[in-house]
Amino acid sequence: MKVITINVCGIRASQKKGIFEWLKKTKADFICMQETRALEEQISDESFLIKGYSRYLNVAEKKGYSGVAIYTIHKPIKIQTSFSKSIFESEGRFILAEYENYSIASVYFPSGSSGELRQNLKYEFMDYFEKFITKEINKKKRLIICGDYNIAHTKNDIKNWRSNQNNSGFLLEEREWMTRLINKIGLKDAFRIKCKETDIYTWWSNRGNAYNNNVGWRIDYQMVTDNFAKKVKNVSVYKDKKFSDHAPLIINYDI
């Protein structure tokens, strides 16, 4: 089973850069997108669809903002677009497709880089997410949680870790939260199960020629429950073509 996750930084912008032509060739089972930034009626024509795939969206109330999607060849039993009764319900940050033996989600964590208010809201989102995941794991659910977490977990996941220790996305509290997800809650970083290399990133700033110099952050993940961790077959970050300021994370599972 092939799963792809990517923050498209605007689905209409990435469509113009050829992402759908590439996605059609991947033959993925699931494609999870974040930051789609479009209402459903804005992406209803065939250029935003993939033959043989169903598409499920959770869009933000605010136009041109946030939004998540799942494209899949597998018909789900149920689609869920909420895990908390909070301000985030209107921001289109979560969608989950439920199947008989597993569930897969696309999640877009808030950024806290604009200031203290959004950072505190990011912490609130993290808290709601942790509670939701804990409940699901306690129900013995098998999960693949794809998304842009907006957090680099360790210094191996960010190029300039020393100078970013006081910046949102690499704050100690954020990194400790990721560690807790892995060590106590029961999620595993599927990419790190197979790849221990450094200098492999999924996001690069548009400033300072960061992409060409590979000054990046690894903030896009497929987090899986223990029962999926053993199924991770191979992992890769696709960089042959640039569709966004993020790169697609591709993971194959032996399922």
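Just so we're aligned, residue 1383 is where the sequence shown starts under the numbering used here, counting upward by one. Note that the Cβ used here is the ideal one computed from N, Cα and C, for glycine as well.
Secondary structure of residue i, DSSP reduced to three states
i, result
"residue 1545", "helix"
"residue 1387", "strand"
"residue 1457", "coil"
"residue 1440", "strand"
"residue 1451", "strand"
"residue 1537", "helix"
"residue 1509", "helix"
"residue 1624", "coil"
"residue 1570", "strand"
"residue 1423", "helix"
"residue 1401", "helix"
"residue 1432", "coil"
Neighbourhood of residue i by C-beta distance below 8 Å, restricted to the same chain and skipping five residues each side
i, result
"residue 1398", "none"
"residue 1409", "1384"
Residue i versus the options, residue with shortest Cα-Cα distance
i, options, result
"residue 1559", "1533, 1439, 1401 and 1619", "1533"
"residue 1524", "1498, 1481 and 1468", "1481"
"residue 1612", "1467, 1451, 1417 and 1636", "1636"
"residue 1465", "1424, 1420, 1417 and 1517", "1517"
"residue 1552", "1563, 1564, 1538 and 1565", "1538"
"residue 1420", "1435, 1544, 1391 and 1489", "1391"
"residue 1528", "1549, 1423, 1401 and 1630", "1630"
"residue 1566", "1513, 1582, 1540 and 1544", "1513"
"residue 1428", "1582, 1403 and 1509", "1403"
"residue 1484", "1609, 1619 and 1614", "1609"
"residue 1588", "1625, 1467 and 1497", "1625"
"residue 1458", "1497, 1436 and 1467", "1436"
Chain-order list of residues whose beta-carbon lies under 6 Å from that of residue i (same chain, five-residue window excluded)
i, result
"residue 1486", "1412, 1479 and 1526"
"residue 1617", "1573, 1576, 1577 and 1633"
"residue 1504", "1492 and 1494"
Sequence-distant residues of the same chain with beta carbon closer than 7 Å to residue i, five excluded per side
i, result
"residue 1442", "1448, 1449, 1472, 1473 and 1474"
"residue 1438", "1451, 1452, 1461, 1477 and 1479"
"residue 1586", "1592, 1593, 1597, 1598 and 1627"
"residue 1601", "1530, 1531, 1532, 1533, 1534, 1551, 1584 and 1585"
"residue 1622", "none"
"residue 1396", "1390, 1625 and 1626"
Counterpart residues of residue i in DSSP-defined beta bridges
i, result
"residue 1611", "In the DSSP output, where bridge partners are listed per residue, residue 1611 has none listed."
"residue 1480", "1460 and 1485"
"residue 1634", "1384 and 1616"
"residue 1490", "1530"
"residue 1412", "1385 and 1454"
"residue 1501", "Beta-bridge pairing links residue 1501 to no other residue."
"residue 1525", "1485"
"residue 1602", "1530"
"residue 1586", "1598"
Presumed contact (8 Å Cβ cut-off) between residue i and residue j, rounded CB distance
i, j, result
"residue 1393", "residue 1425", "6 Å"
"residue 1493", "residue 1415", "About 17 Å separates the two Cβ atoms, so there is no contact after all."
"residue 1358", "residue 1620", "Here the chain comprises residues numbered 1383 to 1637, so residue 1358 is not present and cannot be evaluated."
Test: residue i CB closer than 8 Å to a CB of chain C
i, result
"residue 1552", "This model lacks chain C altogether, as it is built from one protein chain only."
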